[in-house]
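A.B. asks:
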Amino acid sequence: MLSPTAYNVIYNWDGAPHGYSPIDQSMQTFLDKTYAPLEDTQVGALFWCIGEHAVRWPSEKMELLADVNNRRYENAAAFTHSENIRRMLDRGEDPQQAVIDRGHQLGLHVYASQRMNDNHFDGAQLADLQTLHHTELTQLRKDHPEWLLGPDTEEWFALSWNMAVPEVRENRLQHLREICQNYTWDGVELDWQRHPFHFPDDQAYRLRYVLTDFMRAARELTREISQQRGTPFYLAARVAGSIEGCQRIGYDVETWIKEDLIDVLIPAGAAGTDPAIEVNAFRSLIADRTIALYPGFDGGVPGPATGPEDEATRHNMRTKATALQYHQQGATGIYAFNWHADRDSKRELLSQVGKRETLQKQNKLYSITHRFRQETGSWRGAYKHDRLRGALPVALYPTFKITGPHFTLDLADDLQEFPPKDLTLRFRLQDWVDGDQVRFLLNDESLIDPTINYCHNGDPNPISDVSNAAWHNFNIDPVKTPPGSHRIEVILLNRHPQLACDLVLTDIELVVNYC
């Protein structure tokens, strides 16, 4: 029997296929688009987003999707997506059960994925609430602005629920009860990372007992369902990618594990991929448990693309490197979130990232993690709890003892067993000019004779011979580069005397090319 330890890849669909066909989408077309990316890949489980705040099934206690505005929509995308759901219901069809049935026919487990505090309200504030036209808005939210975080959190997330309010938690628990009891899912995911703003600022750690209490109630529900059906009903939770991040947000993961409140643990970034998830730390927490560990990927790593490869190539290489690192650290498998795809666009990754052996001899890009913050514009504040220990970018300054920032790069490939065609360690320096003197060290040995290429951010036909950033590339001997941790240090020896700006180290990458 399939179990969470054997999924290889968990694929989270956010429900987008409802919007991939014009009105009226047929059930067959909807299911074909939903499962096309998954069939004949390493995916063993589909986590299906069942909506955010309004339900997508008839309910006596919960508001139905699009009722708040009488099925009048704010834009064409909301109309297509939501009306396709509503018209299926009007025809007497049930897309939730249909998703489950098709998944079971394909031999997959299918979970309901409940977003615990989703906020796609585009930065709207409390003052906007009564005039806001948004399909996922509910009358409950409009009637009770005092139940929302408002100015007590990041501005963009002002309309997020305050989970300290008992009525809010009862609403979320009722949503959970209905989705679990009404359908034949194999389990349910509590997606706490969509979005991780649950309490007033600086209170989350002290209020973590509140979310633990919710987890206990959820576990009681899943156990009741399991007993009634005579089959397992699994509980998954998506949390922050680091122990510190979990504590900052209010996830007492240690207690959840100790009290056996979860079957599947999914540490992941909340906004973009976190390529430095603390798999080892989470693995230690569950060492004496049967909990499955699936570190998560999002649609991409946030921040500007720096090349020299095109972004699609970089994404594939970086994803494979990070996935192999996670397997090496003891991950059960890989969790894919926001990998919107048709049959072919993500097939290579979904056929490789779930197993260590299928990642061998694949081109990879290992990189040092960035600390990325979005302070203005859309999604400002969303990255607050992600990549807390991102070591780049960092300005290089002269020091008394001729030292600089040092970094640890974990190599998961065995380059002696599988020798690559070439191995390159490269450093990107912003505002570098000829005359700057920088020392690069790998495992305390100086690297010499770099090839220097100006960075044109992926432009294949640059019109200039120079740019304001340059890659310093070093050929590395694979024989001297075993799997494991490698220490890197970068030291500024002398800055060009005519430059007043900082010399900034923005990227460190190890590129492994097998072909």
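Each residue of the sequence shown is one higher than the one before, counting from 137 in my numbering. Note that CB positions come from ideal geometry on N, CA and C, so glycine has one too.
Using the C-alpha atoms, what's the distance from Ile393 back to Ile422?
C.D. replies: Here residue 422 refers to the residue found at position 286 when the sequence shown is read from its first residue. Here residue 393 refers to the residue found at position 257 when the sequence shown is read from its first residue. Going from the Cα of Ile422 to the Cα of Ile393 covers about 7 Å.
A.B. asks: Per DSSP, what kind of secondary structure is Pro276 in: helix, strand or coil?
C.D. replies: Counted from its first residue, the sequence shown places residue 276 at position 140. A small fix is needed here, since residue 276 is Leu in this sequence, not Pro. The answer is helix: DSSP assigns Leu276 an H, G or I state.
A.B. asks: Could you say which of Leu629, Thr267, Gly443, Phe183 lies nearest to Asn205 if we only look at CA atoms?
C.D. replies: On the sequence shown, position 69 is the one that residue 205 refers to. The candidate whose alpha carbon is nearest that of Asn205 is Thr267.
A.B. asks: For Gly490, collect the residues of the same chain with a Cβ closer than 7 Å to its Cβ; drop the 5 residues on either side in sequence, then sort them by chain order.
C.D. replies: Here residue 490 corresponds to residue number 354 of the sequence shown, with the count starting at 1. Closer than 7 Å at the Cβ level, and outside the excluded window around Gly490, lie Asn144, Val145, Gln178, Gly469, Ile470.
A.B. asks: What does DSSP give as the partner residue(s) for Leu503 in the beta ladder?
C.D. replies: Counting from one through the sequence shown, the residue named residue 503 turns up at place 367. The question names Leu, but residue 503 in the sequence shown is Ser. DSSP, once it has assigned bridges, lists Glu645 as partnering Ser503.
A.B. asks: Just checking my contact of Trp568 with Leu524 at CB under 8 Å: how many whole Å lie between their CB atoms?
C.D. replies: Here the question's residue 568 lines up with position 432 in the sequence shown. Here the question's residue 524 lines up with position 388 in the sequence shown. Not really, about 28 Å apart at Cβ, beyond 8 Å.
A.B. asks: Compute the Euclidean distance between the alpha carbons of Trp607 and Arg507, then round it to the nearest angstrom.
C.D. replies: On the sequence shown, residue 607 is found 471 positions in, with the first residue counted as 1. On the sequence shown, residue 507 is found 371 positions in, with the first residue counted as 1. Their backbone Cα atoms lie some 20 Å apart in a straight line.
A.B. asks: Are the stretch 228-235 and the stretch 152-170 touching, with three or more C-beta to C-beta distances below 8 Å?
C.D. replies: Segments in contact, yes.
A.B. asks: May I ask you to report which of helix, strand or coil DSSP gives Glu290?
C.D. replies: Translated into the one-based positions of the sequence shown, residue 290 becomes position 154. Reduced to three states, the DSSP call for Glu290 is coil.
A.B. asks: I think Asn253 touches His331, with their Cβ atoms under 8 Å apart; what is that distance to the nearest whole Å?
C.D. replies: The residue given as residue 253 occupies position 117 in the sequence shown. The residue given as residue 331 occupies position 195 in the sequence shown. Confirmed, Cβ separation roughly 6 Å.
A.B. asks: On the premise that Asp434 lies in contact with Glu564, defined as a C-beta separation below 8 Å, what is that separation, rounded to the nearest angstrom?
C.D. replies: Translated into the one-based positions of the sequence shown, residue 564 becomes position 428. Translated into the one-based positions of the sequence shown, residue 434 becomes position 298. At residue 564 the sequence reads Arg, which differs from the Glu that was named. Wrong, their Cβ atoms sit about 23 Å apart, outside the cutoff.
A.B. asks: Can you give, in chain order, each stretch of the beta strand (DSSP E) that sits fully within the stretch 322-396 and has at least 3 residues?
C.D. replies: Counting only runs of 3 or more, we get 323-327, 370-375.
A.B. asks: Taking C-alpha atoms, which residue in Asp349, Gln496, Arg308, Pro287 lies nearest to Asp187?
C.D. replies: Counting from one through the sequence shown, the residue named residue 187 turns up at place 51. What sits at residue 187 in the sequence shown is Gly, not Asp. Minimum Cα distance to Gly187 is reached at Arg308.
A.B. asks: Ends of the beta strand (DSSP E) at Leu547?
C.D. replies: The residue labelled residue 547 in the question sits at position 411 within the sequence shown. Unbroken beta strand (DSSP E) run through Leu547: 542-547.
A.B. asks: Does DSSP classify Asp203 as helix, strand or coil?
C.D. replies: Position 67 of the sequence shown holds residue 203. Asp203 falls in the helix class under three-state DSSP.
A.B. asks: Could you pull the start and end residues of the beta strand (DSSP E) that Leu559 belongs to?
C.D. replies: For this step, residue 559 is matched to residue 423 along the sequence shown. Residues 558-566.
A.B. asks: Report yes if the CB atom of Tyr462 is closer than 8 Å to the CB atom of Ile413, and no otherwise.
C.D. replies: One-based indexing of the sequence shown puts residue 462 at position 326. One-based indexing of the sequence shown puts residue 413 at position 277. Closer than 8 Å, so yes.
A.B. asks: From the DSSP output, in three-state form, read off Phe215 for me.
C.D. replies: Residue mapping note: residue 215 aligns to position 79 of the sequence shown, counting from 1. If DSSP states are grouped into helix, strand and coil, Phe215 belongs with the helices.
A.B. asks: For Gly620, name the three-state secondary structure that DSSP assigns.
C.D. replies: Position 484 of the sequence shown, counted from the start, is the residue given in the question as residue 620. It is a strand residue.
A.B. asks: Just the Cα atoms here: how many angstroms apart are Asn593 and Ala459?
C.D. replies: Taking the first residue of the sequence shown as position 1, residue 593 is located at position 457. Taking the first residue of the sequence shown as position 1, residue 459 is located at position 323. One C-alpha to the other measures close to 25 Å.
A.B. asks: Here's the rule I'm using: 16 or more other beta-carbon atoms within 10 Å means buried, otherwise exposed. How should Met137 be labelled?
C.D. replies: As a first step, residue 137 is located in the sequence shown; it is residue number 1 there, counting from the start. Result: exposed.
A.B. asks: Nearest to Ala407 by alpha carbon, out of His521, Ala636, Glu447, Ser503?
C.D. replies: Within the sequence shown, residue 407 is the residue found at index 271, counting from 1. Comparing Cα-Cα distances from Ala407 to each of His521, Ala636, Glu447, Ser503, the minimum goes to His521.
A.B. asks: What's the call for Glu290, buried or exposed, on a 16-neighbour Cβ count within 10 Å?
C.D. replies: For this step, residue 290 is matched to residue 154 along the sequence shown. Buried, by the Cβ-count rule.
A.B. asks: Pro555 and Pro598: beta carbons closer than 8 Å?
C.D. replies: Here residue 555 refers to the residue found at position 419 when the sequence shown is read from its first residue. Here residue 598 refers to the residue found at position 462 when the sequence shown is read from its first residue. Not closer than 8 Å, so no.
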